[in-house]
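Just so we're aligned, residue 10 is where the sequence shown starts under the working numbering, counting upward by one.
Since the structure comes first, as structure tokens, the remarks are kept for the end.
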Amino acid sequence: MRTGDLKARLRGYWYVAWGLLGLLLIKLAIVQFFQYETYETMSRYNRIRPVSIKAPRGEIYSIDGTVLAKNKLVYTVSITYPEGTDNPEVIERLAKILGEKYPEVTEKYINDLIEKQKYRLYEPVTVARDIDWQSVVRLEEQRKYLPGVTVNVEPLRYYPEGFLAGHVLGYVRSIDPNELAQLDKERYSMGDLIGKDGVEKAYENYLKGYDGTRRVEVDVKGRPVKELVTLEPRAGNNVILTINAKLQRVMEKSIEETLKYDQKNYNPKARVASCVLINVKTGEVLAMASYPFFNPNDFTGFMDEATEQYYFPSGQEYDPMNPGAATNRAIKALYPPGSTFKGITAMAAMEKGEMTPSERVTCTGRYWLKPYIKCWAVHGPVNLYQAMAESCNTYFQEMGRRAGFAELIRIAKEFGLGQKTGIDLPYEKAGLLPTPEWKKEVNSILIDRKYDKIRQDLNDKYDRLLKEASTEKEKEHLLAAKRSELAKVEANYQIDYRFNTTWQPFDTFNMSIGQGSNSYTVLQLANYVATIANGGKRMKPFVVKKIVSPSGKVLLENRPEVVQEVDVSPDTLAEVRKAMLQVTKPGGTAYGLFSQFPSNIQVAAKTGTAQTGRKGDKRNEEFHGIFVAFAPFDDPEIAFAGVVEYGQHGSSSAGLIARDLFEQYFGVKDHLTSTAQFEGQTVPEGGE
């Protein structure tokens, strides 16, 4: 190459180099003088990371000072965007490390969490809580391969008493997007724990604290270098329950022992029970339990398959042999009241002026009107006191006939049956107080559905036969037969519709003894009895006494609230109380339970034996045991209601639990130090 050509080419390169350098200088000048603030802000925010400091939830105490819910510090693993969430290798490595100890944490599990939070990835995605120290060490050893993965120390809900009052307390679980959409975004974020049931849910706004923030300077790999400033979290408020821990322990202990006794002596299906003990003057719930018991600690972390089956057994139909522990049956399950309803029947008849307590009705073992409903024994001539003591069905069917269904329904409504009590717990069921209007509405749907299917089957049958017919004469014969069958169907439809949608006398007779479609919660039964005991004031039950701030300031105090003063005369209420007292006297169905009580503590009660009404159960052989009571008779303080599914007799199932609670409450016997429930005591047999 000639020297001139070489110099020209080099000069060209020189111009290009200077041109590029000039462009670089111009870009640098633009960045330095015109875009300085933008890039300086970006640099600062990439260097400084906000780290949330979770606030501890408020603690929950029983009225006698037992800590039922508190917090413990645990290690929590989270993954941030984009370093971790957009890196499949990080997710794979994280799942491998955690999966050795926690098999539930898989790549799919982590990706599902990220997907669920895809619109809020500016918040860390919580992967696992309460991991062990060995897992923390392994994560720290792999730190350089896990960008975006952080391990923080956070407070986690902890229930030191385990199952004690578990259904009342409820539980906390990670918030879901639907819940978050309804909540304060400045107070809640994805991954937060939130109350899902019980007191934890009902008083979430008080228990939830305010999270703090820590600003941390990090290096280019996201590792913390220096802590800059910290905004401390504010703990949630403390909740004091009306629940008495000692009485709660006795209730739960007695339930377990009673179920073992009933399984052995009456029915192996006796695996479920629920009870409520209430202050008749204030509405405070002193104890509430549902068996199978519920441990809220099971819901704060991963749940293995066996635990999940314990709370949520598979299968479409309710299985009494594997009932599932997630439901608080004291407020969510519905039961026929059985003979415990007879107090309503007695009040209805007296209020209507159709009977006096001393008037006698002769029991021959069955009621005299069709359809004959049997009594469990032949009682002969009985008045109100004898009929209540011996639980005579014939007497109360006659009183129901005299009062009429309208008065029965009116009195039942006065005492809150078939209505929510308003207790400060979520998901309470209303139950069912059957009425003529309800019967017509429900049965008309069922009958229409039944006959629509019959008509359709008939049409399908003749459509098929007509297609197979070979001659016109044969078709005419089939059409005539179809018209005839349809006419019979319509005639039967009219008969069934009129009968099944109209209130019949047997509906009144069944209602009067607590059978039929009556179905109420255990809490409703307890409140109904408490209203009889306190002279007619239907109180609003509650489980939270007060809420106190961390500094000791009372923020909320629930006070006794009269929902309604029943429209029943004081004399009528007094007569029913006296009749219930006879149940625990010699000859009464609950005499054996309280015969050893001191004379100054008289218990009034009512036993119940209710047909389960469940598909597949033996109609006259399998019953729920139901029991209600209040004491002391002269100046009532407490009322009880309990149900033992398949307990057969109220006196030998739920009545045993009531006895233990009353003995504990009045100091007759200390069941917390006792080892045998039935030692040296009489267990009633037979009857109700």
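For glycine and all other residues, C-beta sits at the position ideal for the given N, C-alpha and C.
Please read these numbers as outputs of a predicted model, since none were measured by experiment.
How long is the line joining the alpha carbons of residue i and residue j, rounded to whole angstroms?
i, j, result
"S661", "V637", "13 Å"
"G204", "N253", "22 Å"
"P343", "S528", "The question names Pro, yet the displayed sequence has Leu at residue 343. When rounded, the distance between both Cα atoms is 5 Å."
"G245", "S198", "16 Å"
"M312", "Q318", "10 Å"
"E363", "Q620", "28 Å"
"N337", "H176", "6 Å"
"R507", "R458", "15 Å"
"V498", "D461", "10 Å"
"Q465", "K491", "12 Å"
"S453", "F632", "29 Å"
"T530", "I463", "37 Å"
"T618", "E170", "34 Å"
"L256", "A613", "20 Å"
"R20", "G28", "12 Å"
"V387", "T371", "9 Å"
"S558", "T159", "32 Å"
"A535", "E98", "59 Å"
"P390", "F515", "23 Å"
Leaving out the 5 sequence neighbours to the left and right, which residues in its chain are closer than 8 Å to residue i when beta-carbon positions are compared?
i, result
"E265", "Y300"
"V162", "L82, V83, Y84, T85"
"R375", "Y381, I382, K383, C384, T403"
"P65", "N80, P164, G218, P242, A244, G245"
Enumerate in chain order the residues of its own chain whose CB-to-CB distance from residue i is below 6 Å, with the five nearest sequence positions on each side excluded.
i, result
"N306", "Y168"
"S521", "T354, F405, Q406, G409"
"E293", "T251"
"Q573", "R547"
"N519", "G525"
"I556", "Y215, N246, V248, L564, L565"
"A588", "L393, Y394, M397"
Beta-carbon within less than 7 Å of residue i's beta-carbon, same chain only, minus the 5 sequence neighbours each way: which residues are those?
i, result
"D505", "I456"
"Q102", "In the sequence on display, residue 102 carries Arg and not Gln. Contacts found: Q151, Y154, L155."
"Q533", "G425, L426, T430, G440"
"V259", "D669, L670, Q673, H680, L681"
"E116", "I100, E101, A104"
"S526", "L441, P443"
"G310", "R138, D139"
"K125", "P186"
"L590", "Q611, A613, F642"
Evaluate residue i with the Cβ neighbour count: other Cβ atoms within 10 Å of its Cβ, from every protein chain shown; 16 or more gives buried, anything less gives exposed.
i, result
"P645", "buried"
"Y330", "The identity of residue 330 in the sequence shown is Met, whereas the question assumes Tyr. It is exposed - the Cβ of M330 has fewer than 16 other Cβ atoms within 10 Å."
"Y48", "Per-residue confidence for Y48 stands at a pLDDT of 49, beneath the threshold of 50, marking its modelled position as unreliable; the derived number appears in the next sentence. Exposed, since its Cβ has fewer than 16 Cβ neighbours within 10 Å."
"E261", "buried"
"V146", "exposed"
"P345", "buried"
"Y24", "exposed"
"A489", "exposed"
"G74", "exposed"
"I35", "exposed"
"R166", "buried"
Which whole-angstrom value describes the C-beta separation of residue i and residue j, a residue pair presumed to lie in contact below a C-beta threshold of 8 Å?
i, j, result
"L442", "I418", "6 Å"
"I69", "V248", "5 Å"
"L286", "A279", "Contact doesn't hold; Cβ gap of about 21 Å is too wide."
"L4", "G221", "The requested residue 4 does not occur in the structure, where the chain is confined to residues 10 to 697."
"T89", "I123", "In fact, because the Cβ distance is near 11 Å, the residues do not count as touching under 8 Å."
"M397", "K351", "7 Å"
"N392", "E416", "Rounded, the Cβ-Cβ distance is 20 Å, inconsistent with contact."
"L487", "Y471", "6 Å"
"G200", "E113", "So it is not a contact: roughly 16 Å between Cβ atoms."
"L295", "L178", "Actually they do not touch by this definition, with Cβ atoms about 15 Å apart."
Where do the ends of the beta strand (DSSP E) carrying residue i lie?
i, result
"Y167", "158-167"
"S608", "Here S608 belongs to no beta strand (DSSP E), and DSSP marks it neither H nor E."
"S87", "76-88"
"Q573", "571-574"
"M548", "546-548"
"E566", "563-566"
"F321", "Unbroken run through F321: none, as it is neither H nor E."
"L681", "Here L681 belongs to no beta strand (DSSP E), and DSSP marks it neither H nor E."
For the alpha helix (DSSP H) holding residue i, just list the boundary residues, first then last.
i, result
"T540", "531-542"
"R628", "Element bounds for R628: n/a, residue is neither H nor E."
"N452", "445-477"
"Y300", "That residue, Y300, is in no alpha helix (DSSP H); its beta strand (DSSP E) goes 294-300."
"Q673", "663-674"
"R492", "481-509"
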